[in-house]
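Q: In the working numbering, the protein residues as written are 4 to 359. Note that beta-carbon positions come from the ideal geometry of N, C-alpha and C, so glycine has one too. Since we're looking at a predicted model, the values are computed, not measured. Let me give you the structure first, and then I'll get to my questions.
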């Protein structure tokens with residue numbers, strides 16, 4: 004599998020074949036380091052290369068990764084890196100890595116291991132919908148197999164040792180991507196985000212730390228990794244996310260019952276721009292498609308499915324768009340081709356005026 008083949012496959016961070024509704028996807032990530040090795044940020048190039056070889060060889064011995072592909076970051080082009088970021092398979096920081104770093108990727112993309120990011124190993128499992136326990140079991144199984152072949156840096160009192168102190172302990176970051184367009188439209192979004200922060204959770208945008216919450220797409224994750232078991236972290240996050248989903252569902256119900264004209268207006272505007280604009284930026288596409296996704300859920304739009312909108316959310320990102328058209332595009336070309344791509348996909352979509 005080479006990177007540009009990814010656009011032909013399903014992507015686990017957003018479902019292209021079934022409805023997931025408010026919860027877009029779940030991810031569980033583990034940070035691990037090897038004993039007697041400097042953290043990647045302190046290691047020299049030769050040491051990083053030796054460790055990268057050792058880690059990737061260990062990955063090949065894990066049954067779940069028997070057919071995995073290993074991508075040398077030094078050999079990837081700018082467009083390849085962009086594509087991997089957009090598919091939530093690598094971090095923004097890792098996209099800048101070169102010699103001595105590699106991505107180990109399962110064929111179904113559910114498992115991705117960044118070697119020599121901030122830590123020696125950043126292992127993740129990701130899948131569509133609300134499935135934290137399932138993704139945890141999958142990455143925990145990989146971690147257990149990896150530990151048979153590698154000696155982890157571990158303290159009896161502190162737990163797993165990591166480059167950043169905030170990850171010490173379990174080394175676990177569990178996150179859920181949620182679509183909160185209803186709370187944005189009712190004006191309750193900021194209050195809900197502050198509430199999550201007060202509960203000790205981290206809230207980030209579509210592409211992680213430092214990114215904006217375009218279209219009400221946010222990642223909600225635990226911040227504490229020390230002093231709690233993995234199950235306690237997962238159960239706490241799951242309970243809060245389930246409450247958040249209830250608030251979003253209630254916001255959507257209020258829109259239909261009390262402010263249907265507001266919802267209909269916003270959805271109509273979004274669809275009109277998407278169908279008739281000549282230039283659309285990637286972030287504008289996220290905002291507009293997010294509103295359209297809400298409209299589909301509220302039965303205000305016909306002729307397009309949630310899965311179809313999910314596909315457009317992915318394929319209108321810069322890397323995917325350029326891979327789709329088979330060539331590098333400058334900014335204005337991307338905006339033009341994106342507008343044409345979306346308009347064609349939404350040719351049969353229309354707003355439903357009648358009440359349910």
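Could you spell out the range, first to last residue, of the beta strand (DSSP E) harbouring residue 76?
A: No beta strand (DSSP E) holds residue 76; DSSP gives it neither H nor E.
Q: For residue 314, count neighbouring Cβ atoms within 10 angstroms of its own Cβ and tell me buried if that reaches 16, exposed if not.
A: Answer is buried; the Cβ neighbour count reaches 16.
Q: How big is the Cα-Cα spacing for residue 295 and residue 39?
A: Residue 295 and residue 39: Cα-Cα distance of roughly 52 Å.
Q: Could you name the residues of the same chain whose beta carbon sits closer than 6 Å to that of residue 204, not counting the 5 residues immediately before and after it, in chain order?
A: Cβ within range, chain order: 223.
Q: If we require 4 or more residues per run, which alpha helix (DSSP H) segments fall completely within the region 210 to 290?
A: Those alpha helix (DSSP H) runs which fall completely within the region 210 to 290 and span 4+ residues are 233 to 261 and 263 to 279.
Q: Which residue comes first and which comes last in the alpha helix (DSSP H) that contains residue 145?
A: Counting along the chain, the alpha helix (DSSP H) containing residue 145 begins and ends at 135 to 149.
Q: Output the distance between the C-alpha atoms of residue 344 and residue 288, rounded to the nearest integer angstrom.
A: Taking the straight line joining both Cα atoms gives about 11 Å.
Q: Using CA coordinates, which residue listed in 30, 262, 260 and 118 is at the minimum distance from residue 364?
A: With the chain covering only 4 through 359, there is no way to say anything about residue 364.
Q: Under 7 Å, do residue 256 and residue 225 count as touching if we go by C-beta distance?
A: Taking 7 Å as the Cβ cut-off, residue 256 and residue 225 do not qualify as a contacting pair.
Q: Which stretch, first to last residue, makes up the beta strand (DSSP E) that contains residue 116?
A: Residue 116 -> beta strand (DSSP E) spans 114 to 118.
Q: Among 14, 51 and 36, which residue has its Cα nearest to the Cα of residue 88?
A: Answer by Cα proximity: 14.
Q: Under the assumption that residue 173 contacts residue 163 (Cβ atoms under 8 Å), give the Cβ distance between them as a whole number of angstroms.
A: That belief holds up - the Cβ atoms of residue 173 and residue 163 are roughly 7 Å apart, short of 8 Å.
Q: Can you grab the Cα-Cα spacing for the pair residue 269 / residue 80, in whole Å?
A: So the alpha carbons of these two residues sit roughly 39 Å apart.
Q: DSSP beta-bridge partners for residue 177?
A: Answer is 31.
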